[in-house]
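Residue numbers (the working numbering), protein chains in the order written: chain A, 844 to 937; chain B, 844 to 937. Yeah, the Cβ is synthetic: ideal placement off N, Cα and C, and Gly gets one too.
Protein chains: 2
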Amino acid sequence: MAFADTFKALSDPVRRQILDLLKEGPMSAGDIGSHFDMTGATISYHLKILKKADLVFESRDKNFIYYQLNTTVLEEIMLWISSLKGGDFDAESK
Amino acid sequence: MAFADTFKALSDPVRRQILDLLKEGPMSAGDIGSHFDMTGATISYHLKILKKADLVFESRDKNFIYYQLNTTVLEEIMLWISSLKGGDFDAESK
DNA sequence: CAAGTATTTAGAACTTTTTCTAAATACTTG
DNA sequence: CAAGTATTTAGAAAAAGTTCTAAATACTTG
Numbered sequence: 844m845a846f847a848d849t850f851k852a853l854s855d856p857v858r859r860q861i862l863d864l865l866k867e868g869p870m871s872a873g874d875i876g877s878h879f880d881m882t883g884a885t886i887s888y889h890l891k892i893l894k895k896a897d898l899v900f901e902s903r904d905k906n907f908i909y910y911q912l913n914t915t916v917l918e919e920i921m922l923w924i925s926s927l928k929g930g931d932f933d934a935e936s937k
Numbered sequence: 844m845a846f847a848d849t850f851k852a853l854s855d856p857v858r859r860q861i862l863d864l865l866k867e868g869p870m871s872a873g874d875i876g877s878h879f880d881m882t883g884a885t886i887s888y889h890l891k892i893l894k895k896a897d898l899v900f901e902s903r904d905k906n907f908i909y910y911q912l913n914t915t916v917l918e919e920i921m922l923w924i925s926s927l928k929g930g931d932f933d934a935e936s937k
């Protein structure tokens, strides 16, 4: 939702790992969970936070809910970070 | 120190605001504190976390401790984020 | 529609983070 | 060195975040 939510969402290692998994493509909640030693309920909690931060979105098919990366918000984060580095983004990348 | 510490450090709004302040240049702990409605002890706590994450470093002069941005770590963060966006950083920025 | 699978929600326990107050340390200068 | 200013440390209280178990919801298919 907001800038602050995105940073909060990214601050947890489990959630970053979930995002890494989703680089490969959409994945059901259950599949995601199978990569962790945690209950499905806990995974669901993390997915909710990622969803709230607009870092993922879901789509339903049959009995599954598939989660997918949403990278649009990352742009904003990159801009903020590069602003710390003293200005323009493109100018720095040679 | 580690990747995870950097994200943790960036997850707090106060700390992000401190980094924003430091864009203008080095600042003493007291000066930084004067921008917030918090005790100096709390500011000191946040500075410690930023320092541990290598996002700032300090230098002493007279009776003051000046804090300064250290942007080198941000590179790593940017790389991780851009990797989520499906690969190369420069290739995406047109 | 009943039974089964997938996922989420609720609520409690535990852990971590943030903040404060009070005291300690560090340095400067008369 | 004493007094003053700047900052940090310690420890406690409060707030926020993470995880679990148990139960609820949602959807699918025989």
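Reference residue 905 of chain B; option with closest CA among B:871, B:852, B:858: The residue among B:871, B:852, B:858 with its C-alpha nearest the C-alpha of residue 905 of chain B is B:871.
Cross-strand partners of residue 902 of chain B (DSSP beta bridge): For residue 902 of chain B, the beta-bridge partners assigned by DSSP are B:909.
From residue 846 of chain A to residue 850 of chain B, what distance separates their C-alpha atoms? About 14 Å.
Alpha carbon of residue 888 of chain B to alpha carbon of residue 903 of chain A, nearest angstrom: The straight-line gap from Cα to Cα measures roughly 44 Å.
Between which two residues does the alpha helix (DSSP H) containing residue 874 of chain B stretch? 872-876 is the extent of the alpha helix (DSSP H) around residue 874 of chain B.
Assuming residue 927 of chain A contacts residue 862 of chain A (C-beta within less than 8 Å), just tell me the rounded distance between them. The pair is not a contact, with the Cβ atoms about 22 Å apart (cut-off 8 Å).
Are the beta-carbon atoms belonging to residue 901 of chain B and residue 910 of chain B less than 8 Å from one another? At a Cβ-Cβ threshold of 8 Å, residue 901 of chain B and residue 910 of chain B count as neighbours.
Chain A contact for residue 882 of chain B (CB, 8 Å cutoff): Taking Cβ atoms only, chain A never reaches closer than 8 Å to residue 882 of chain B, which makes this a no.
Can you pull the chain B residues whose beta carbon is under 7 Å from the beta carbon of residue 847 of chain A, in chain order? The contacting residues are 856.
Taking C-beta to C-beta, are residue 868 of chain A and residue 876 of chain A nearer than 8 Å? In this structure, residue 876 of chain A does not lie closer than 8 Å to residue 868 of chain A by Cβ.
Please list, in chain order, the chain B residues whose beta carbon lies closer than 8 Å to that of residue 921 of chain A. Here the neighbours are 921, 924, 925.
Taking 8 Å as the CB-CB limit, is residue 905 of chain A close to chain B? No, residue 905 of chain A does not count as interfacial toward chain B.
For residue 865 of chain A, count neighbouring Cβ atoms within 10 angstroms of its own Cβ and tell me buried if that reaches 16, exposed if not. With 16 or more other Cβ atoms within 10 Å, it is buried.
For residue 888 of chain A, which of helix, strand or coil comes out of DSSP? Residue 888 of chain A falls in the helix class under three-state DSSP.
Would residue 893 of chain A count as contacting chain B if we go by Cβ distances under 8 Å? Any Cβ of chain B closer than 8 Å to the Cβ of residue 893 of chain A would place that residue at the interface, and such an atom is absent.
Reference residue 859 of chain B, options B:915, B:923, B:892, closest by Cα: Measuring C-alpha to C-alpha distances from residue 859 of chain B to each of B:915, B:923, B:892 identifies B:892 as the nearest.
In whole angstroms, what separates the C-alpha of residue 923 of chain B from that of residue 848 of chain A? Rounded to whole angstroms, residue 923 of chain B to residue 848 of chain A spans 18 Å at the Cα level.
Can you look up residue 845 of chain A in the DSSP assignment and give me helix, strand or coil? Of the three classes helix, strand and coil, the one that applies to residue 845 of chain A here is coil, per DSSP.
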